[in-house]
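Report on the following structure.
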Amino acid sequence: MELLGRMPKNFALSGKNAKRYFDKSGHLKHIRGLNYWPIKKVLMEKYHIKEKDATDLANFLTPMLTWYPT
Numbered sequence: 002m003e004l005l006g007r008m009p010k011n012f013a014l015s016g017k018n019a020k021r022y023f024d025k026s027g028h029l030k031h032i033r034g035l036n037y038w039p040i041k042k043v044l045m046e047k048y049h050i051k052e053k054d055a056t057d058l059a060n061f062l063t064p065m066l067t068w069y070p071t
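The numbering of the sequence shown is the numbering used here, which starts it at 2 and goes up by one.
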């Protein structure tokens, strides 16, 4: 979730066990202060990938890492 941003409310609440993990607003229960971290920054800062390569890889991965992939 830190890479994708906040989960859409209707998506979060649609699962069979949604009430176990999400409140009625679609926020995660018992987890506060998630730090959203764009995938390009993760690749550069955590994995020390050069900016051009991180951009290319992030552009490749991002469409597959969406809440509603096409």
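Every residue, glycine too, gets a C-beta built ideally from N, C-alpha and C.
Here the structure is a predicted model, which is why all the values come from computation and not from measurement.
Candidates the options, of which the one nearest residue i by Cα
i, options, result
"L29", "I40, T63, L58 and E3", "E3"
"K25", "V43, A13, I32 and K42", "A13"
Secondary structure of residue i, DSSP reduced to three states
i, result
"L29", "strand"
Cβ shell of residue i (< 7 Å), same chain only, five flanking positions each side left out
i, result
"A59", "I40, K41 and L44"
"A19", "A13"
CB of residue i within 8 Å of CB of residue j, strictly
i, j, result
"L5", "L66", "yes"
"G34", "M8", "no"
Residue interval of the alpha helix (DSSP H) (run including residue i)
i, result
"E52", "E52 to L62"
"R7", "Run containing R7: none; DSSP gives neither H nor E here."
"M45", "I40 to E46"
"Y1", "No answer is possible for residue 1: it lies beyond the span of the chain, which begins at 2 and ends at 71."
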